[in-house]
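One structure is given here, and the rest of the page talks about it.
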Amino acid sequence: MYGNEDEEADEVRALLRAWLPDVRPEDGDPPAGATTGLDVPEATASEVTDAVGRLLGRAASGEAPPPETRLIARVFVVDEHPSAGGWSEEERRSVAGLVAVLLARHGDEGVEALVRALRGDG
């Protein structure tokens, strides 16, 4: 699609800003993890990876989600996590890959299950 994952994420954010009437383009994007639509506690990337792994089970390691799903996972889940600003790029890619598998399998219900798991509710 584009040159790299960061460029793709920037393009998706710009597109979404254009669709949202209450966000002006000049507002720009907050740093990753600075604001979040997800009510989740701070966590390390490995804690999130472990939680996703528990939800997916053993079969997750071999699945390759569609690139679009990976991008959705990156923009709407990983970059919105309150701790993402402290994760390395490799950690973000790793978490996004697993979350993309979770999304491909379970849709937004998978993300809701992840949020519950990270809160300790499930």
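All letters in the sequence shown, in the order written, are residues 1 to 122 by the working numbering.
The beta carbon of each residue, even a glycine, is placed where N, CA and C say it ideally should be.
Bear in mind that the values here come from a model prediction, so they are computed numbers and not experimental data.
For G107, the enclosing alpha helix (DSSP H) begins and ends at 89 to 119.
Leaving aside the five residues that flank V101 on each side, the residues in its chain whose CB is nearer than 7 Å to its CB run, in chain order, L56, A60, E63, P65.
In this structure, the beta-carbon distance from V78 to A51 does not fall below 8 Å. Judged by beta-carbon spacing, V75 lies within the 8 Å limit of V12, meaning their Cβ atoms are closer than that value.
Here A45 really is in contact with E91; their C-beta atoms are around 4 Å apart, less than 8 Å. DSSP places S46 in the helix class (H, G or I) of the three-state scheme. Contact check for A73 against L114 fails: the beta carbons are separated by 8 Å or more.
In this structure, the straight-line span from the alpha carbon of D6 to that of R119 is close to 28 Å. Between A117 and R58 a beta carbon distance of about 17 Å is seen, past the 8 Å cut, so the two are scored as non-contacting. With contacts defined by Cβ atoms closer than 8 Å, L71 and E8 form a contacting pair. P82 carries a coil assignment under DSSP once its states are collapsed to helix, strand and coil.
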